[in-house]
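Data block below; observations after.
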Ligand code: ZN
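Residue numbers (the numbering used here): 7 to 322.
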């Protein structure tokens with residue numbers, strides 16, 4: 007076995023996931039270990055290096071086959087130099103992760119932010135396989151995003167391209183402040199957090215809804231209630247879908263991608279949600295910009311991060 011392999015690392019606050027991929031993006035082997043964030047920066051860095059070595063050791067592959075190691079991490083990064091400027095959830099500040107790992111592992115290392123990496127995973131080996139231009143949304147606690155142009159991550163001038171959750175799209179009159187400090191960002195209405203907030207507001211206002219009987223409302227409760235015909239829940243889901251679809255209509259005349267991929271917990275609502283997004287997209291998008299454009303559910307789930315991190319080595 008002399009084929010090259012690519013190691014992808016997805017660094018989260020609780021766990022570090024590692025995967026081995028081949029050149030086609032097939033995930034051959036996975037490994038997961040604790041991040042040990044509370045033990046500080048040195049331990050986190052050592053764990054990343056240790057797990058990257060460990061996964062190859064316990065697999066049927068040889069270290070010599072490793073063409074490089076890609077890392078996805080949440081935070082503010084200097085992407086070309088692989089420097090973590092600030093990673094709030096890991097409490098890491100000003101660390102050159104690329105230089106550290108290249109020295110310890112003796113392999114080429116590439117670092118990028120977690121949302122870009124997950125988008126690359128889906129575009130390379132998931133729902134967007136074979137499609138060169140895709141825009142990916144992840145609907146979770148926030149709205150993450152990534153833009154893939156000609157098969158590669160588009161980072162923009164300051165690494166801020168693809169921050170789709172912070173597209174200012176909700177009109178001022180109904181906008182609320184986002185976690186980023188600005189008003190009317192997409193994630194204030196289309197993330198799980200946004201959906202929960204709108205539901206709680208409705209219950210507090212005394213709107214007639216089955217959600218008033220739910221003790222601790224989760225986004226799934228709202229989506230399920232909407233599917234079951236609850237009018238208040240339907241309005242909330244419709245609003246989340248409306249701004250998503252409208253943001254895609256905007257992106258279509260900026261980037262004109264062939265495909266939008268939507269993943270994350272909220273996307274599990276499936277066709278019920280996707281149909282509403284497509285309807286808005288159809289309504290607001292120029293004919294030529296929407297022709298044959300697909301809006302697809304993500305397929306890699308929690309593995310998008312490790313696959314995309316491995317993909318950095320082939321797609322950078
Ligand atoms: Zn924002």
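Idealized CB from N, CA, C, for every residue including glycine.
- Exclusion of the five residues before and after residue 53 leaves 22, 39, 40, 41, 42 as the residues of its chain whose Cβ lies within less than 8 Å of its Cβ.
- Going by C-alpha positions, residue 260 is about 26 Å away from residue 80.
- For the ligand ZN, a non-hydrogen atom lies closer than 7 Å to the CB of residue 193.
- According to DSSP, residue pairing for residue 158 in a beta bridge involves 155.
- Taking 7 Å as the cut-off, the C-beta of residue 150 does not count as close to any heavy atom of the ligand ZN.
- The region 116-124 makes contact with the region 77-97; the number of CB pairs closer than 8 Å reaches 3 or more.
- The beta carbon of residue 188 sits closer than 7 Å to at least one heavy atom of the ligand ZN.
- Within the DSSP secondary-structure output, residue 36 pairs in a beta bridge with 25.
- Looking only at 113, 171, 57, the smallest Cα-Cα distance to residue 122 is reached by 171.
- The region 284-291 makes no contact with the region 143-163; the number of CB pairs closer than 8 Å stays below 3.
- Residue state for residue 317 is assigned as helix, using DSSP reduced to three classes.
- Cβ neighbours of residue 254 within its own chain (closer than 6 Å, five residues either side excluded): 266, 287.
- Contact between residue 279 and residue 243 holds: their C-beta atoms lie close to 7 Å from each other, under 8 Å.
- Residue environment analysis places residue 194 among the buried positions, since at least 16 neighbouring C-beta atoms fall within 10 angstroms of its C-beta.
- Contact between the region 131-142 and the region 92-107 is not established, with fewer than three Cβ pairs separated by less than 8 Å.
- Between the region 167-182 and the region 60-78 there are fewer than three C-beta pairs closer than 8 Å, too few to call the two in contact.
- For residue 73 against residue 10, the beta-carbon gap comes to about 4 Å, under 8 Å, which counts as contact.
- Taken through DSSP and simplified to helix, strand or coil, residue 205 comes out as helix.
- For the pair residue 99 and residue 236, the Cα-to-Cα distance works out to about 46 Å.
- In the DSSP assignment, residue 14 falls within the unbroken beta strand (DSSP E) covering 11-17.
- An exposed status is given to residue 44, since fewer than 16 other beta-carbon atoms sit within 10 Å of its beta-carbon.
- By the Cβ neighbour-count rule, residue 309 is buried, with 16 or more other Cβ atoms within 10 Å of its own.
- Taken through DSSP and simplified to helix, strand or coil, residue 139 comes out as coil.
- In terms of Cα proximity to residue 218, the closest of 205, 229, 55 is 205.
- Taking all protein chains in view, the Cβ of residue 215 is crowded by 16 or more other Cβ atoms within 10 Å, so the residue is classified as buried.
- Inclusion of residue 106 and residue 319 in the CB contact set at 8 Å is not warranted, their separation being larger than that value.
- Between residue 312 and residue 249, the gap from beta carbon to beta carbon reaches 8 Å or more.
- Taken through DSSP and simplified to helix, strand or coil, residue 174 comes out as strand.
- Counting C-beta atoms within 10 angstroms of its own C-beta, residue 187 has fewer than 16 neighbours from the protein chains shown and is therefore classed as exposed.
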